[in-house]
Each structure stands twice: as C-alpha cells, then as structure tokens.
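*Asks:* I am attaching a structure below and will ask some questions about it afterwards.
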Amino acid sequence: MLTHWVSLIGYLTIFLAMVGIIFQHPLGLEGYWAWFPATCLLLGIVMIFVGVIARGFERVEKAIIDKRL
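Residue numbers for the sequence shown follow numbering that gives the first Met the number 0, beginning at 0 and rising by one.
Shown next as structure tokens:
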C-alpha cells in the first residue's frame with residue numbers, strides 16, 4: 000500500500016512541476032526559485048521509479064511466501 004502512495008506523490012510532484020514550468024514567468028520565479036519546477040520534475044520521476052521498483056519487490060516477496068506455504 001505504501002508503494003501506491005509513493006507513486007501517487009510522484010505523480011502529484013510532476014503535476015506541480017508542470018504547473019511551475021507553465022507559470023514560471025507569470026509568477027516571477029527567478030534566482031533559486033527558477034530551479035523549483037525542474038527539481039520537482041526530477042523528484043517526481045524518481046519517486047515513481049521507486050514506487051514501481053518497490054511494488055515489484057512486493058510481488059516477488061508475496062510469490063516467494065505463497066510458494067513456501
């Protein structure tokens with residue numbers, strides 16, 4: 000269940016990045032804030048990959064436990 004939340008947070012972070020990229024100039028994101036959308040995008044992609052990999056480990060673990068029983 001935790002892996003689903005990690006992936007969901009990743010998707011929401013990517014959405015935040017897209018909003019930041021679209022409204023970067025109207026919001027006046029300059030200086031360090033100019034890196035905010037790109038950082039959100041990278042963080043979102045990483046979180047989605049972590050969620051997918053963790054979900055794969057959960058499936059393998061469940062298959063191993065089911066075969067032992």
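All C-beta atoms in this analysis are idealised placements derived from N, C-alpha and C, irrespective of residue type, glycine included.
1. Counting only the same chain and skipping the five closest in sequence on each side, list residues whose C-beta sits under 7 Å from that of I8.
2. Quick check on this structure: which residue in A53, V59, M17, Q23 has the alpha carbon closest to the alpha carbon of L1?
3. Let me make sure I understand the geometry here. Which of M17, H24, F48 has the alpha-carbon closest to that of T38?
4. Helix, strand or coil: which one does DSSP assign to G27?
5. Taking L40 as the reference, give the member of Y10, W4, Y31, H3 with the closest Cα.
6. Suppose contacts are defined by Cβ-Cβ distances below 8 Å. Is I44 in contact with I21 by that definition?
7. Once DSSP output is grouped into helix, strand and coil, what is the label at F22?
*Replies:* Reading from the atomic positions:
1. Cβ neighbours of I8 beyond the five flanking positions: M46.
2. When the alpha-carbon of L1 is set against those of A53, V59, M17, Q23, the nearest one is in A53.
3. Minimum Cα-Cα distance from T38 among the listed residues M17, H24, F48 corresponds to M17.
4. Coil.
5. If we check each option's Cα against that of L40, Y10 comes out closest.
6. The answer is no: Cβ separation not under 8 Å.
7. Three-state DSSP puts F22 in coil, outside helix and strand.
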